[in-house]
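Colleague:
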Amino acid sequence: MFVTPLFKLMADKQASDLFFTVGAPIQIKINGVVMPINNQALDAEQCKKICYELMTEAQIKEFESVQEMNFAQSGGELGNFRINIFRQKNTVAMVIRFVKPDVPAFESLGLPPILKEVIMEKLGLILVVGSTGSGKSTTMASMIDHRNSTKTGHILTIEDPVEFMFRHKKSIVNQREVRVDTHSYGSALISAMREAPDLIMIGEIRDQPTLQNALLFAQTGHLCMSTLHANNSYNALNRIINFFPRDAREALLADLSIALRAVISQRLVRTVDGKRIPAVEILLNTKHIQELIKNGELGQIKDALEQSLAPGSQSFEQALFQLITSGKVAVEEAMAASDSPTNLHWLLSNAPKPTGAAGAAAAPAAGATKPPAPDDITSIKLNLDALG
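Sequential numbering from 786 applies to the sequence shown in the working numbering.
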C-alpha cells in the first residue's frame, strides 16, 4: 500500500496524525506541530486513490453513500491507525491517527494518582472530556489497563473504532467494534446488560440514547466510563443537559447527581523540552457538587472546583500551576492553555517564593524556554507517479 511507509514514519517519529488533502503535500503532526513531509502537493485523483486503497468494497460503497468513513487499520507491531475519510470541496480527504501498539503505562503519562482510585470504583459514571487530540482515549485506556492489572472482573468496551488492544490480565476484556462486532452502538448497549460487565467503556457519548444507557448502567451496579467532546467539566455537564428537552432536565439532573463519580478534563500542554504533557482538571462528585448538579446550579461548579478542599479535585489552573512550579511547563504555555489566566496569575503571585539555586530552577520564567525545533522530514520522497 502507498501509506505503508507513512505508517512506519508515524511510528518512528511518534507522530499523532497524518493529513491528506488536495492541493497540499501530505502533512504530519509531531508533538503538536504540523509540517509537510515533502513538497509534493496531492491532486484530486491521487488523494482519492490513496484513500480508496485503504477501504474494502463495502466501505467504499458506504462512503459514497454517506460521504464519511471511520475505521481502524492494523499496522502489526507498529500499532494501530485510526482512519477518517471524508469529503471537502467536492474532493476526498483523509486524516490518519496513530495509536501505539501497547496501552501506555499510567505512570508514564504524568496523570494525577487520584485517577487510579477513580477507576477502581464499584459503580457510577466517569467522563473523560477534552477536545480532539487532547489524549482522552489514551488516558481512558491507561486507567482501564490499571484496573485490568489489579482487579478481577469483566471489562466490556464498545468502540467505533477499537483503538487500543487490551490483553486479558486479572480481568477478562471483551472489545466490540461498531460495524465489525455489532451493527450499532444502540444494539451493543442493549446487549451489554446481559453480558455481566463490571466495567463498561463506551467509546463516545454522542447523543441522548447513549447517555441514557450510560446512566442506566451506572445506576444498576456497573462502573461506566466514556468520553465527551467538551473543554472542561462545566461545559461537559452543559452538553449533557442539552441532549435533553427542557421538560426532562429535572429528572436528568437528579439521576446525574447520583450516578456521576468524576469528570476528568484534559488538554495537552507543550513542555520546556518540546514534548507534551496532560494538564488535568478533576471534578469529583462531592456532596456539594452533587447538590449543585441536582439543583441545576451548574454556573457555580467552576467556583466550587476552584475552592474545593476535596482531596484529588483540581481546576485546570491548579494543574497548570503545578506543572509550572515543577519546571515542566513555561509560564506563557500555561497561560495560553488556561481557562482563566487571571486565576493562574493569582496562584503564581501568591505562591511561596523559591529560595536557592534549586528553587530558582523550579519555575521557568516567561519566554525563558524555547522548545527544540521539530525534526526536518521534508526530504522524504513518495512515488506519487505510481498513483497516476
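Beta carbons: idealized from backbone N, C-alpha and C, even for Gly.
This structure is a prediction, so every number in the text was calculated from the model and none was measured.
In chain order, what residues of the same chain have a beta carbon less than 7 Å from the beta carbon of Thr789, not counting five sequence neighbours either side?
Modeller: The answer is none, since no qualifying residue turns up.
Colleague: For the ligand ATP, is there any heavy atom lying closer than 7 Å to the beta carbon of Phe883?
Modeller: Inclusion of the ligand ATP in the displayed structure is not the case, the ligand content being empty and no account of it being possible.
Colleague: Provide the residue span of the beta strand (DSSP E) that contains Ala747, from first to last.
Modeller: This structure cannot settle anything about residue 747, because the visible part of the chain is limited to 786 through 1173.
Colleague: Of all the options Gln1085, Lys885, Gln825, Pro897, which has the alpha carbon lying nearest to the alpha carbon of Lys798?
Modeller: Lys885
Colleague: Could you check what DSSP says for Leu1013 in three-state terms: helix, strand or coil?
Modeller: strand
Colleague: Please decide whether Gln831 counts as near chain B, where near means a Cβ-Cβ distance under 8 Å.
Modeller: The chain inventory of the structure shown lacks chain B, comprising one protein chain alone.
Colleague: Please work out which residues of its chain come closer than 6 Å, Cβ to Cβ, to Thr876, disregarding the five sequence neighbours upstream and downstream, and give them in chain order.
Modeller: Val807, Ala829
Colleague: So, Leu941 versus Asn959, is the Cβ gap smaller than 8 Å?
Modeller: Closer than 8 Å, so yes.
Colleague: Output the boundary residues of the alpha helix (DSSP H) element that contains Gly971.
Modeller: Its alpha helix (DSSP H) spans residues 970-977.
Colleague: For Ile1109 and Leu1083, which I take to be in contact (beta-carbon distance under 8 Å), what is that distance rounded to the nearest angstrom?
Modeller: No, Ile1109 and Leu1083 are not in contact; Cβ-Cβ is about 29 Å, not under 8 Å.
Colleague: Going by the beta-carbon positions, is the gap between Val1054 and Ile1067 smaller than 8 Å?
Modeller: no
Colleague: Output needed for Ala1021: all residues of its chain with C-beta closer than 8 Å, excluding positions within five of it in sequence on either side, in chain order.
Modeller: Leu912, Val914, Leu1013, Ala1015, Val1048, Ser1050
Colleague: Under DSSP, the alpha helix (DSSP H) around Thr995 begins and ends at which residues?
Modeller: Segment 993-1004, the alpha helix (DSSP H) holding Thr995.
Colleague: Expressed to the nearest angstrom, what Euclidean distance is found between the alpha-carbon atoms of Asn816 and Phe804?
Modeller: 15 Å
Colleague: Since Lys793 is in the alpha helix (DSSP H), which residue starts that stretch and which ends it?
Modeller: 789-798
Colleague: For Ala926, which of Val903, Pro898, Thr935, Ala890 has the nearest alpha-carbon?
Modeller: Ranking Val903, Pro898, Thr935, Ala890 by Cα distance to Ala926 puts Ala890 first.
Colleague: In the DSSP assignment, find the unbroken beta strand (DSSP E) run with Met950 in it and report its ends.
Modeller: Counting along the chain, Met950 falls outside any beta strand (DSSP E), and DSSP gives it neither H nor E.
Colleague: In chain order, what residues of the same chain lie with their CB nearer than 6 Å to the CB of Asp983, ignoring the 5 residues before and after it?
Modeller: Gly938, His939
Colleague: Considering Phe1106, what are the terminal residues of the alpha helix (DSSP H) in which it resides?
Modeller: 1101-1110
Colleague: Let's test the definition: count the other Cβ atoms within 10 Å of the Cβ of Ser1098 and tell me whether it reaches 16, buried, or not, exposed.
Modeller: buried
Colleague: Between which two residues does the beta strand (DSSP E) holding Ile940 run?
Modeller: 938-944
Colleague: Please classify Met1120: does DSSP put it in a helix, a strand, or coil?
Modeller: helix
Colleague: If we call anything under 8 Å between Cβ atoms a contact, is Gln852 one with Arg872?
Modeller: Yes.
Colleague: Could you please give the first and the last residue of the uninterrupted beta strand (DSSP E) stretch that includes Val965?
Modeller: First-last for Val965: undefined, no H or E at that position.
Colleague: Phe787 and Glu838 look like a contact to me (Cβ under 8 Å); what is the Cβ gap, rounded to whole Å?
Modeller: Contact holds; Cβ gap of about 6 Å.
Colleague: Output yes or no for whether 8 Å exceeds the beta carbon distance between Val1065 and Pro897.
Modeller: It is a contact, given that the beta carbons lie within the stated cut-off.
Colleague: State whether the region 1072-1080 contacts the region 991-1005, with contact taken as three or more CB pairs (one from each stretch) at a distance under 8 Å.
Modeller: no
Colleague: Please say whether Phe1106 and Leu1069 have beta carbons closer to each other than 8 Å?
Modeller: Going by C-beta atoms, Leu1069 is not nearer than 8 Å to Phe1106.
Colleague: Pick from Glu1035, Ile985, Ala1136, Ala826: whose alpha carbon is nearest that of Ile943?
Modeller: Ile985
Colleague: For Ile835, tell me which candidate among Thr917, Ile881, Thr967 has the shortest Cα-Cα distance.
Modeller: The shortest C-alpha separation from Ile835 is found at Ile881.
Colleague: Are there 16 or more other CB atoms within 10 angstroms of the CB of Gln831, so buried, or fewer, so exposed?
Modeller: With a threshold of 16 other beta carbon atoms within 10 Å, Gln831 meets it and is buried.
Colleague: Once you ignore the five residues that flank Thr1056 on each side, which residues in its own chain have a CB closer than 7 Å to its CB?
Modeller: Ile1062, Lys1113, Val1114
Colleague: Taking the beta strand (DSSP E) that Met986 falls in, what are its first and last residues?
Modeller: 984-987
Colleague: Where Met950 and Arg961 are concerned, what is the direct C-alpha to C-alpha distance, given to the nearest angstrom?
Modeller: 11 Å
Colleague: Do Met854 and Glu862 count as a contact pair if the criterion is CB distance below 8 Å?
Modeller: no
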